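In UniProt numbering, the protein residues as written are 1 to 717.
Built from N, CA and C at the ideal position, the CB exists for glycine as well.
Since the structure is predicted, the reported quantities are computational estimates derived from the model, not experimental observations.
Scroll down for the structure; my scribbles are underneath it.
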């Protein structure tokens with residue numbers, strides 16, 4: 001029997017026989033799929049020999065061991081109906097035996113290959129094995145994005161990089177799924193230069209990137225598209241149109257990276273269905289890379305697993321693209337543990353937000369009260385506020401549109417007051433480092449200041465660190481001081497000399513980064529200690545020798561040491577020295593007229609004047625002693641009062657610390673309870689999953705036994 005060829009994906013071919021399918025690899029087409037035990041001729045690729053199948057005779061209707069596993073000989077008797085395609089046969093059977101994929105992102109990696117998947121493990125070509133990529137890798141690769149909004153940033157980066165090819169906007173929106181009524185899809189589209197068929201295949205592959213060699217582009221690893229789309233949803237469709245270049249005709253292509261397709265069909269390799277069109281005159285025609293049958297089979301697969309019901313509806317997506325551009329549609333969006341979509345489309349009709357731990361109701365209310373701190377308080381859950389600060393500079397004329405409204409670019413410097421600029425140039429760790437770096441990129445200008453809401457003493461601080469215009473670490477908190485030190489201080493810098501991590505949500509932990517972090521700590525501490533009194537905090541000491549910079553009990557006037565205060569000591573002589581008169585301005589002023597008067601009378605009365613002066617001196621002495629005692633008494637009372645307050649505050653601190661310890665212990669107990677409950681639930685889920693798998697296997701064995709009995713005439717329907 002001559003096999004019938006059908007295409008499953010670009011580069012993959014499935015060959016139908018009466019024995020099933022098995023995988024075959026040739027030099028031009030990748031591996032082909034054949035089931036059964038057909039032996040392939042290496043020259044023409046056709047089955048050269050069909051093995052003989054021994055007939056099984058069953059002499060009873062319900063034999064003993066009917067529920068036992070089917071042996072391989074009996075399995076070989078179950079053939080694929082010749083009127084049904086291999087893909088349809090696989091889908092009709094695998095949907096019954098492959099468990100549905102989890103809709104929660106962090107559980108979707110539990111990929112179990114069907115026991116009926118007969119794809120070979122290795123496909124040798126030209127005497128060498130090919131390294132295969134299992135579909136589970138799509139999920140594990142996407143887990144690099146712990147934060148969903150970081151995945152959006154990757155897609156925005158790709159559109160911004162297209163400014164060099166003429167892109168003027170990127171549009172992010174929410175669509176309805178035509179097949180799955182009520183479910184939502186994500187749309188990310190731009191009017192950049194689009195992708196040629198070869199570039200689209202590179203985009204769908206792992207590690208291919210031409211941007212790493214281009215200046216002023218953000219992408220460099222060739223992995224962002226895969227990680228970001230798979231983090232947001234299980235499946236993605238890409239529509240792209242590229243104008244003709246270098247005398248070539250314009251092209252348009254469709255590619256699908258579908259975790260659902262791969263899992264539900266039990267694939268052990270990542271298969272990406274793709275089709276291409278080429279413009280001939282005013283019409284678009286098929287651009288066949290292999291055979292027309294392959295192209296049509298790819299189209300059928302795209303329609304079957306896409307969110308569109310017909311081929312016409314699928315191709316209508318090109319109507320939204322003008323001369324050039326790319327349209328990305330992500331569907332089967334992940335859900336959280338409560339069965340709700342991980343993304344929140346309802347709270348704000350012009351925003352996309354995140355549910356769960358990244359959403360803090362207290363911070364949302366604070367953002368309304370403190371508008372200058374809005375981006376710090378809400379960027380973790382709001383795509384609009386995150387996208388507003390995602391880039392340090394936006395190219396002129398470029399727009400980021402989110403659900404029908406433009407995202408207004410925001411510079412954090414506009415939220416600052418009392419700003420200062422500090423230039424930081426990292427030290428060179430090795431001579432080779434300087435040869436690969438541009439000297440202009442080796443300098444970072446740090447703009448630091450207080451957020452305008454800092455006078456309300458809210459805990460807002462951190463540095464926005466950009467790399468090649470892209471925000472890598474938002475509000476990086478480098479100084480974790482005890483107490484209120486550092487509050488209200490924010491900063492902005494662009495550090496192109498530090499390498500970002502693959503998810504672009506942090507930097508690689510290198511010596512250069514550690515030095516930058518230490519320097520930022522020094523900058524923040526110096527700025528805080530110098531300016532904290534401007535926002536209502538007590539002034540901090542500039543040096544260890546300055547002991548009067550903090551207000552305390554010791555800062556009160558000292559009656560014995562302060563030269564500006566009167567010295568409370570008895571006056572022994574009436575003739576006060578010049579220094580003593582300066583120390584007692586009020587006393588000398590009130591007494592001087594009397595002294596002059598008595599001196600004038602002394603020339604007339606003599607001894608009477610001296611006696612009166614002595615008496616006045618004695619009275620003045622008593623008055624001074626009395627006032628000195630009163631002042632000392634008041635100071636002692638104030639000192640005792642301050643001591644009492646200190647003791648009271650210390651007691652309160654002790655009580656609060658005890659409460660904190662109790663709360664910490666309660667939290668630990670709750671965590672233990674939740675952990676035990678989670679372990680119990682996971683164990684129960686695992687048990688139920690095993691039982692379900694055993695039940696599926698039992699059902700399958702029953703069906704196969706029935707088919708064997710029917711084929712031998714034991715059971716007649």
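According to the Cβ coordinates, are residue 448 and residue 491 closer than 7 Å?
Within the chain shown, numbered from 1, the residue matching residue 448 stands at position 448. Within the chain shown, numbered from 1, the residue matching residue 491 stands at position 491. Yes.
Return the CA-CA distance between residue 494 and residue 160, expressed in angstroms with no decimal places.
In the chain shown, the residue the question calls residue 494 occupies position 494. In the chain shown, the residue the question calls residue 160 occupies position 160. Residue 494 and residue 160: Cα-Cα distance of roughly 18 Å.
Reduced DSSP category for residue 462 - H, G, I as helix; E, B as strand; rest coil
Locating residue 462 in the chain shown gives position 462, where the first residue counts as 1. Strand.
In whole angstroms, give me the CA-to-CA distance for residue 709 and residue 703.
Taking the first residue of the chain shown as 1, we reach residue 709 at position 709. Taking the first residue of the chain shown as 1, we reach residue 703 at position 703. If you take the alpha carbons of residue 709 and residue 703, they lie about 10 Å apart.
Element boundaries [beta strand (DSSP E), containing residue 494]
The residue you call residue 494 lines up with position 494 of the chain shown. Counting along the chain, the beta strand (DSSP E) containing residue 494 begins and ends at 489-494.
Is there contact here, the stretch 151-171 with the stretch 282-296, by at least three beta-carbon pairs under 8 Å?
no
Starting from residue 278, trace the beta strand (DSSP E) in both directions and tell me its first and last residue.
Locating residue 278 in the chain shown gives position 278, counting from the first residue. Counting along the chain, the beta strand (DSSP E) containing residue 278 begins and ends at 274-280.
Kindly list the residues whose CB is nearer than 8 Å to the CB of residue 390, restricted to its own chain and excluding five residues on each side of it in sequence; keep chain order.
Start at 1 with the first residue of the chain shown, and residue 390 comes out as number 390. 153, 156, 470, 471, listed in sequence order.
Tell me whether residue 657 is buried or exposed, calling it buried when 16 or more other Cβ atoms sit within 10 Å of its Cβ.
For the purposes of this step, residue 657 is taken as the residue at position 657 of the chain shown. By the neighbour-count rule (16 or more Cβ atoms within 10 Å), residue 657 is not buried but exposed.
Closest to residue 255 by CA distance: which of 274, 263, 249, 242 is it?
Position 255 of the chain shown, counting from 1, holds the residue named residue 255. Among 274, 263, 249, 242, the Cα nearest to that of residue 255 is on 274.
Could you check if residue 277 is buried or exposed, using at least 16 other CB atoms within 10 Å of its CB as the buried criterion?
Mapped onto the chain shown, residue 277 falls at position 277. Flag for residue 277 reads buried.
Going by Cα to Cα distance, which pick from 626, 186, 376 is closest to residue 473?
Residue mapping note: residue 473 aligns to position 473 of the chain shown, counting from 1. Checked all of 626, 186, 376; the closest Cα to residue 473 is 376.
Touching by the beta-carbon criterion (3+ pairs, under 8 Å), the stretch 411-423 and the stretch 184-204:
no
How would you write the range of the beta strand (DSSP E) that residue 418 sits in, first residue to last?
Position 418 of the chain shown holds residue 418. From DSSP, the beta strand (DSSP E) with residue 418 extends over 416-424.
Given a cut-off of 7 Å on the beta-carbon distance, is the pair residue 531 and residue 453 in contact?
To locate residue 531, count along the chain shown from 1; it is residue 531. To locate residue 453, count along the chain shown from 1; it is residue 453. No, they are not a contact pair.
For residue 731, name the three-state secondary structure that DSSP assigns.
The structure shown does not extend to residue 731, since the chain is modelled only from 1 to 717, so the question has no answer here.
Would you list, in sequence order, the uninterrupted beta strand (DSSP E) runs of no fewer than 3 residues that lie entirely inside the stretch 299-381?
325-333
Please report how far the alpha carbon of residue 719 lies from the alpha carbon of residue 468, in whole angstroms.
Only positions 1 to 717 of the chain appear in this structure, which leaves residue 719 out of reach.
Strand pairing of residue 189, partner residues [DSSP]:
One-based indexing of the chain shown puts residue 189 at position 189. For residue 189, which the question treats as bridged, DSSP gives the partners 171, 327.
With distances taken between CB atoms, is the gap from residue 331 to residue 235 smaller than 7 Å?
For the purposes of this step, residue 331 is taken as the residue at position 331 of the chain shown. For the purposes of this step, residue 235 is taken as the residue at position 235 of the chain shown. In this structure, residue 235 lies closer than 7 Å to residue 331 by Cβ.
Taking contact to mean 3 or more Cβ pairs, one atom from each stretch, closer than 8 Å, check whether the stretch 348-362 and the stretch 309-329 are in contact.
no
Pair every Cβ in the stretch 394-406 with every Cβ in the stretch 169-183, then say whether three or more of these pairs are closer than 8 Å.
yes
Using DSSP with H/G/I as helix, E/B as strand and the rest coil, what is residue 18?
Indexing the chain shown from 1 puts residue 18 at position 18. Residue placement at residue 18 is flagged as unreliable, the pLDDT there being 38, under the threshold of 50; the coordinate-derived value follows with that caveat. It is coil, neither helix nor strand.
If you pair each beta-carbon of the stretch 359-370 with each one of the stretch 226-243, do three or more pairs fall below 8 Å?
no
Through-space distance from residue 624 to residue 612, alpha-carbon basis
Position 612 of the chain shown holds residue 612. Position 624 of the chain shown holds residue 624. If you take the alpha carbons of residue 612 and residue 624, they lie about 18 Å apart.
Between residue 665 and chain D, is there a C-beta pair that is closer than 7 Å?
Chain labels in this structure do not include chain D; a single protein chain is all it has.
Look at the Cβ atom of residue 488, then the Cβ atom of residue 535, and state whether they are nearer than 7 Å.
One-based indexing of the chain shown puts residue 488 at position 488. One-based indexing of the chain shown puts residue 535 at position 535. It is a contact, given that the beta carbons lie within the stated cut-off.
Test item: CB-CB of residue 262 and residue 329 under 7 Å:
Walking along the chain shown from the start, residue 262 turns up at place 262. Walking along the chain shown from the start, residue 329 turns up at place 329. Taking 7 Å as the Cβ cut-off, residue 262 and residue 329 do not qualify as a contacting pair.
If you count every other CB in all the chains shown that lies within 10 Å of the CB of residue 445, and 16 or more means buried, which is it?
Counting from one through the chain shown, the residue named residue 445 turns up at place 445. Classification for residue 445: exposed.
So residue 327 and residue 225 are supposed to be a Cβ contact under 8 Å. How far apart are they, rounded?
By one-based count along the chain shown, residue 327 stands at place 327. By one-based count along the chain shown, residue 225 stands at place 225. Their Cβ separation, rounded to whole angstroms, is 14 Å, which puts residue 327 and residue 225 out of contact at 8 Å.
Check for me: the alpha helix (DSSP H) holding residue 197 runs from which residue to which?
Within the chain shown, numbered from 1, the residue matching residue 197 stands at position 197. Run containing residue 197: 197-204, per the alpha helix (DSSP H) assignment.
Check whether residue 241 and residue 194 have beta carbons under 7 Å apart
Start at 1 with the first residue of the chain shown, and residue 241 comes out as number 241. Start at 1 with the first residue of the chain shown, and residue 194 comes out as number 194. Taking 7 Å as the Cβ cut-off, residue 241 and residue 194 qualify as a contacting pair.
Taking a contact to mean a Cβ-Cβ separation below 7 Å, would you say residue 183 touches residue 191 in this structure?
Counted from its first residue, the chain shown places residue 183 at position 183. Counted from its first residue, the chain shown places residue 191 at position 191. Against a cut-off of 7 Å, the Cβ pair of residue 191 and residue 183 comes out as no contact.
Over the uninterrupted beta strand (DSSP E) stretch that includes residue 471, give me the two end residues.
For this step, residue 471 is matched to residue 471 along the chain shown. 470-476 is the span of the beta strand (DSSP E), which, as asked, contains residue 471.
Give every residue of the same chain whose Cβ lies closer than 6 Å to the Cβ of residue 500, excluding the five residues on either side of it in the sequence, and list them in chain order.
Here the question's residue 500 lines up with position 500 in the chain shown. So the qualifying residues of the chain are 467, 472, 507.
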